[in-house]
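> Residues in the sequence shown are numbered from 10 upward in steps of one, following the numbering used here.
Cβ coordinates follow ideal geometry from the N, Cα and C atoms, glycine included.
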Amino acid sequence: MKMSGAQIVCESLLREGVELVFGIPGGTILPLYQTMVDYPQIRHILVRHEQGAAMAADGYARATGRVGVCMATSGPGATNLVTGIANAQMDSVPLVAITGQVSRAGIGKDAFQETDVTGITLPITKHNYLVMKAEDLASVMKEAFYIASTGRPGPVLIDIPRDVFTEVAEFEYPETADLPGYKPVLEGHPSQIKKAAKLINEAQKPLILAGHGVIISWAYAELMELAEKAQIPVITTLLGRSSFPNDHVLFVGMPGMHGVAYASLALDEADLIIGLGMRFDDRITGKISAFASRAKVIHVDIDPAEIDKNVRTHVPIVGDVARVLRQLNRLVESAPHPEWLDRIEELKREHPSLHIRETDRLLPQAVIRDLCEATQGKAVIVTGVGQHQMWAAQHYSFRDKEANTFITSGGLGSMGYEVPAAMGAQLGRPDKVVWAVCGDGGFQMTMSELATIVENDIPVKFAIFNNNYLGMVRQWQELFYNKTYFATHRTRNPDFVKLAEAFGMPGLRVTEPGQSMSAIREAMAHPGPVLIDFLVEEEENLYPMIPSGQTTAELMEYPVAKEVRP
């Protein structure tokens, strides 16, 4: 059957099961938009900025495990996607971005709104395409979705000239993607599995370090089986939060720069670390030469490029985490480690990182604790980047059996992620309560998407931690730059309550500690989106902290002993 290029794109989206796309139309992509009128099965969300489209698609993909799709026109439309695409690349998120390009005759001639988006995105995509013939569109679309969602997931960009959308070609959608050079390894090598099992069975102080790969491969049951069978405590990376129930007796916490102190100290004492679907990021390891110096390392990752990249691995296993753990669990013996578990409990008592000091000021940690209590640890939490992100990771106890309830920008650390990503997550999981935990700085970067949220009646709840500072940067200025607060203090933040009302949603304000729980419950009782402006302590610092590139010897906890509450 003959179809236009735009029809081929739409038909391909249907074949891939796409039900939702985020985007903004423009001149070069307009033929695709005009064709989408005939495809009501594909819901289009008109965002207010293309960065919002990419980040909403990212949040949708993380929440559902499906490929997120975003669209933009050429030039500024395409370049506005770049931060969201880079974010997806750093955090291994399956994303397909479709961009319009100037007509073929105008390419390379500085035509209006021409930009070499494939060149721009080459370092931040898993793969990208410039499609010069309509007859190639079907195979490219098939390949793009396959590449984005298999192996180590990531973003794929498809750039399509305007006249390719209107060109007519024969449409036949391929059943498989023909990519001879692309064959992700899924099963672990049997000899490596045996070596890993031997190390686990012999270890006296083992630790599991669970990363984003556990969530991507839906390896929750397999992780639980390994931990319980061999009685191994579980530590999670930032992106591994919510991969293991936080109320489980074997759960320890998040280590690293702003992780709980006892998790970092436990890594120092471990004799075996089992890294699952994580990359030994510098925020976890600190000074590489001093990281877990007593431990042998088993590293399981689907991407062979991650093995030995940062930390020397004794037993590398390339493969899908869920599949590797199924192989491994058959060989691992039941082996209690009571002395090791007792030692970790001792570290928790000696370093009470999650205790909150008593004060008459509104502390952000306490707000997170109230949010956790009000939602029973079962909400989907989406954060921006900064102090509020780390407080959420530290103090929200993820207890949902469905797991995968913490969504954040990890590798890129992109401020402004929280608003559009929460929108995407809520659309992907409409049955869940979704809270966007925001900094006042990051929120203002993408707050225009509140209009999109209200327009589409997306019931995200927003908690703004309003301290009138770029808090994380201010903390570094205090601790390492002699309190030289330059370009971090905001003296004229907007009235966020009035702002919410202007966008068409209720706004609440909390100024005292005793008000937060009732405000959270009021927001949750409302069927639509709600914003709460929490006026938190302005110069509250985030602890624990291990300065960048340092070790646990430089671990900073609260500088003065203070009253705490459990």
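For T500, count neighbouring Cβ atoms within 10 angstroms of its own Cβ and tell me buried if that reaches 16, exposed if not.
Exposed is the call here.
> With a Cβ-Cβ cutoff of 7 Å, do L90 and A106 count as a contact?
The answer is yes: Cβ separation under 7 Å.
> Answer yes or no: does any C-beta atom of chain D fall closer than 7 Å to that of R366?
Absent here is chain D; the protein component of the structure consists of one chain.
> For H308, which of helix, strand or coil comes out of DSSP?
In this structure, H308 counts as strand in the three-state DSSP scheme.
> For S200, does the count of other Cβ atoms within 10 angstroms reach 16, so buried, or fall short, so exposed?
Exposed is the call here.
> Is A236 closer than 7 Å to L259 when the C-beta atoms are compared?
Yes, the Cβ-Cβ distance between L259 and A236 is below 7 Å.
> Are F474 and G448 close, meaning C-beta to C-beta below 7 Å?
Result yes, Cβ atoms of F474 and G448 sit closer than 7 Å.
> What do you get for L188, buried or exposed, if any count of 16 or more other CB atoms within 10 angstroms of its CB means buried?
L188 comes out exposed.
> Evaluate Q453 with the Cβ neighbour count: other Cβ atoms within 10 Å of its Cβ, from every protein chain shown; 16 or more gives buried, anything less gives exposed.
Looking at its Cβ environment, which holds 16 or more other Cβ atoms inside 10 Å, Q453 is buried.
> Using only the alpha-carbon positions, how far apart do G197 and T455 sit?
Cα to Cα, G197 sits roughly 42 Å from T455.
> Can you check which of these residues, L517, E549, I307, A562, is closest to P538 by C-alpha distance?
Selected option, being the one with the closest Cα: L517.
> Using the Cβ count rule (16 or more neighbours within 10 Å means buried), how would you classify M10?
Label assigned to M10: exposed.
> Is it a yes or a no for the stretch 97 to 113 touching the stretch 165 to 175, going by three-plus beta-carbon pairs under 8 Å?
Touching, yes, given that three or more Cβ pairs across the two stretches are closer than 8 Å.
> Can you list, in chain order, the residues of its chain with a C-beta nearer than 6 Å to that of G4? Leave out the 5 residues immediately preceding and following it.
No information on residue 4 is available, as it lies outside the stretch 10 to 575 that the chain covers here.
> Write down every uninterrupted run of the beta strand (DSSP E) in the stretch 482 to 567 whose length is 3 residues or greater and which is fully enclosed by it, in chain order.
Counting only runs of 3 or more, we get 516 to 519, 539 to 544.
> Between which residues of its own chain and G425 is the CB-CB distance below 6 Å, once the five residues before and five after are set aside?
Correct list, in chain order: G451, M454, T455.
> Are the stretch 41 to 54 and the stretch 208 to 220 in contact at 8 Å, needing three or more beta carbon pairs?
Too few Cβ pairs lie closer than 8 Å, so no.
> Where does M177 land, buried or exposed, given buried means 16+ other C-beta within 10 angstroms?
According to the sequence as given, residue 177 is Val; it is not Met. Exposed, because fewer than 16 other Cβ atoms sit within 10 Å of the Cβ of V177.
> Which residue or residues does DSSP assign as beta-bridge partners of G448?
Paired residue(s): F474.
> Please state whether the Cβ-Cβ distance between V18 and L41 is less than 7 Å.
Yes, Cβ-Cβ distance for V18 and L41 is below 7 Å.
> Within 6 Å: the Cβ of R499 and any heavy atom of the ligand PLP?
Only the bare structure without any ligand can be found here, which leaves the ligand PLP out of the picture.
> Taking the alpha-carbon of T73 as reference, which of V56, P85, K441, G128 has the nearest alpha-carbon?
Comparing Cα positions, the closest option is K441.
> Please determine, among K238, M263, V194, the residue with the shortest C-alpha to C-alpha distance to A219.
With distances taken between Cα atoms, A219 lies closest to M263.
> Are the stretch 364 to 374 and the stretch 541 to 555 in contact at 8 Å, needing three or more beta carbon pairs?
The stretch 364 to 374, when compared against the stretch 541 to 555, does touch it at the 8 Å Cβ threshold.
> Quick one: grab the DSSP three-state call for D290.
Three-state result, D290: coil.
> Express the C-alpha separation of F154 and G26 in angstroms, rounding to a whole number.
Looking at the two C-alpha atoms, the distance is approximately 10 Å.
> Tell me the rounded alpha-carbon separation between A566 and S362.
It is Glu, not Ala, that sits at residue 566 in the sequence shown. Those two C-alpha atoms are separated by around 8 Å.
> Determine the closest residue to M526 out of A562, A375, E458, F407, with distance taken between C-alpha atoms.
Ranking the options by Cα distance to M526, first place goes to A375.
> For T578, which residues of its own chain have a beta-carbon under 7 Å away from its beta-carbon, when the five flanking residues on both sides are left out?
What the structure shows of the chain is the stretch from 10 to 575, and residue 578 is not part of that stretch, so it cannot be assessed.
> Given F180, which residues of its chain have a CB within under 8 Å of its CB, disregarding the five upstream and five downstream residues?
Around F180: M10, K11, M12, Q16, I17, E20, A147.
> With a cut-off of 8 Å on the beta carbons, I'd call T124 and T88 a contact; round off their distance for me.
With a Cβ gap of about 6 Å, T124 and T88 count as contacting.
> What are the start and end residues of the alpha helix (DSSP H) that includes D172?
Where D172 is concerned, the enclosing alpha helix (DSSP H) stretches over 171 to 175.
> When the Cβ atoms of the stretch 93 to 100 are set against those of the stretch 125 to 140, are three or more pairs found closer than 8 Å?
Judged by Cβ distances under 8 Å, the stretch 93 to 100 makes contact with the stretch 125 to 140, as three or more pairs qualify.
> Can you tell me which residues form a DSSP beta bridge with L285?
Beta-bridge pairing links L285 to A219, V309.
> Considering only C-alpha positions, which residue in the set M266, I33, I316, V30 is nearest to M587?
Outside the displayed range of the chain (10 to 575) lies residue 587, so it cannot be described from this structure.
> Give a yes or no on whether the C-beta atoms belonging to V309 and I326 are separated by under 7 Å.
Yes; because the gap between Cβ atoms is below 7 Å, this pair is in contact.
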